[in-house]
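Below: the structure, in C-alpha cells.
Numbering (the working numbering), first residue to last: 5 to 254.
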C-alpha cells in the first residue's frame, strides 16, 4: 500500500496538502505561557501589567484582612478593660505607654488634654475644656482612620482600570488577527487563532485582576466604616464621662 502511494503523485500531493493544512491546528500550543511568549511586545506589556496589578491587589487585600482582624480583636480587649469597673485614672496608669490600639490612643489623648486643662469651676472654662477634649479625640480618630484606609486606593484603581487595560489588549490582539489575514490573504483558522487567543487571554487577565480587587475594595471599605463608627461611639462615651467629671469639678 505504501509503495502504491509513492507511485501515485496525485495521492502523495493530496496527503501532503492535508498535513500542511492540519499541522498548525493539531500541533499548535495555546497554553497561557505559549500565548505570552508568542505575542508581540504590546500584548506582553498588557499581560505583565495585569499580572502585576493582580498580585499587588492580593498583597494589599491580605494585609488589610490581617489589619482589620487585629483591630477588631484589640478593640474588643480594650473595651473589656475600659468597662471593667476601674476609674479613668487607674486605666491611664495601667495603660501606661502601651497605645498600640487606636482606641487606646483616643483614650490617652483625651486624658492628656483633661489632665493638662485641670479641673476648673467656671462653667465657661469647663465647656471650653470639654470642646478641646472632643476636638483632640476627633483628630486622633481621623488620623487612625486615615491609617486604616491606606492601600484602599490601590484596590480601587486596580478594580477600575484593569478591565480597560485588558480591553486594550483585546483590541490589539484582534488587530493582529486582521493584519495576519491581510498579509497572508487567507482566513484559515490557523491564521486568525493566535491573535484571537491573545485577545481573549488579555480580556481574561483584566477580569481576573479587576473582579477580586472590586470585591475586596467594597468589603474593606464597609469594614473600615464600621470600625470608624465603633471608634466614634467610644469617643462619645468617653466624652460624656469626662464631661460629668468636669461638671463635678474632677
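Glycine included, every Cβ here is placed at the ideal spot set by N, Cα and C.
Check                                                                                                                                                                                               : Outcome
Please give me, in chain order, every unbroken run of the alpha helix (DSSP H) with length at least 4 that falls completely inside the segment 107 to 157.                                          : 127 to 152
Counting beta carbon pairs with one atom in the segment 45 to 62 and one in the segment 207 to 216, are three or more of them shorter than 8 Å?                                                     : yes
If we count the other Cβ atoms within 10 Å of its Cβ and call it buried at 16 or more, is residue 251 buried or exposed?                                                                            : exposed
Is the distance from the Cβ of residue 110 to the Cβ of residue 235 below 8 Å?                                                                                                                      : yes
So the candidates are 149, 164 and 203; which of them puts its Cα closest to the Cα of residue 179?                                                                                                 : 203
Taking C-alpha atoms, which residue in 153, 201, 161 and 154 lies nearest to residue 296?                                                                                                           : As shown, the chain starts at 5 and ends at 254. That puts residue 296 outside it, with no answer to give.
Can you give me the C-alpha to C-alpha distance between residue 206 and residue 68, rounded to a whole angstrom?                                                                                    : 28 Å
What do you get for residue 63, buried or exposed, if any count of 16 or more other CB atoms within 10 angstroms of its CB means buried?                                                            : exposed
With DSSP run on the structure shown, which of helix, strand or coil describes residue 45?                                                                                                          : helix
By DSSP, does residue 103 sit in helix, in strand, or in coil?                                                                                                                                      : coil
Are the CB atoms of residue 231 and residue 107 nearer to each other than 8 Å?                                                                                                                      : no
Run the CB neighbour count on residue 148, radius 10 Å, all protein chains shown included, and call it buried at 16 or more, exposed below.                                                         : buried
If you draw a straight line from the alpha carbon of residue 121 to that of residue 99, how long is it in whole angstroms?                                                                          : 20 Å
In or out: residue 152 buried (at least 16 other Cβ within 10 Å) or exposed?                                                                                                                        : buried
Do you know offhand how far residue 154's Cα is from residue 59's?                                                                                                                                  : 17 Å
Taking the alpha-carbon of residue 218 as reference, which of 71, 50 and 165 has the nearest alpha-carbon?                                                                                          : 165
Can you round the beta-carbon distance between residue 61 and residue 171 to whole angstroms, since I take them to be within the 8 Å contact cut?                                                   : The Cβ separation is near 18 Å, so there is no contact.
Have a look at 247, 80, 139 and 227 and flag the residue whose alpha-carbon is nearest the alpha-carbon of residue 65.                                                                              : 227
Starting from the C-beta of residue 243, find all residues in its chain whose C-beta is less than 6 Å away, skip the five residues before and the five after it, and write them out in chain order. : 138
Considering Cα atoms alone, identify which of 248, 169, 78 and 215 is closest to residue 48.                                                                                                        : 169
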